[in-house]
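Participant: What the sequence shown shows, in the numbering used here, is residues 25 to 114, in sequence order.
Glycine included, every Cβ here is placed at the ideal spot set by N, Cα and C.
Bear in mind the structure is a predicted one, so any value in this text is a computation, not a measurement.
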Amino acid sequence: MKKRKKYDNIIDDGRVIANMNIDGMPRSIIRRTAFDEFGKTKEDKEKIILSKKERISILLGMITSYVLFAVIVFGGFALFILFCTNVWFK
């Protein structure tokens, strides 16, 4: 039988030796939300309060962008079908 190694002398003091965060990658499941990588506490930011008119304009802008994207995608698909039926399959 093998003896198990004892790791009693290793103590985690929470210091960051090398930051392993990669921009654009999701963070690990275990998060330390109270501190950033340098050990400073995060400050609470002010909440942005939007008026009703601003919220409606943001919502309409989002809907417009999605509708425009859908029109472009389905329009391209329709042009492809027309090309196939009128030129390619003749």
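#1: Checking 9 Å against the spacing of the C-beta atoms, do residue 82 and residue 74 come in under that value?
#2: Could you compute how far the alpha carbon of residue 80 sits from the alpha carbon of residue 110?
#3: Out of 85, 68 and 70, which has the shortest C-alpha to C-alpha gap to residue 77?
#4: Where does residue 48 fall in DSSP's three states?
#5: So, helix, strand or coil for residue 75, using DSSP?
Facilitator: Once the coordinates are examined:
#1: yes
#2: 44 Å
#3: 85
#4: coil
#5: coil
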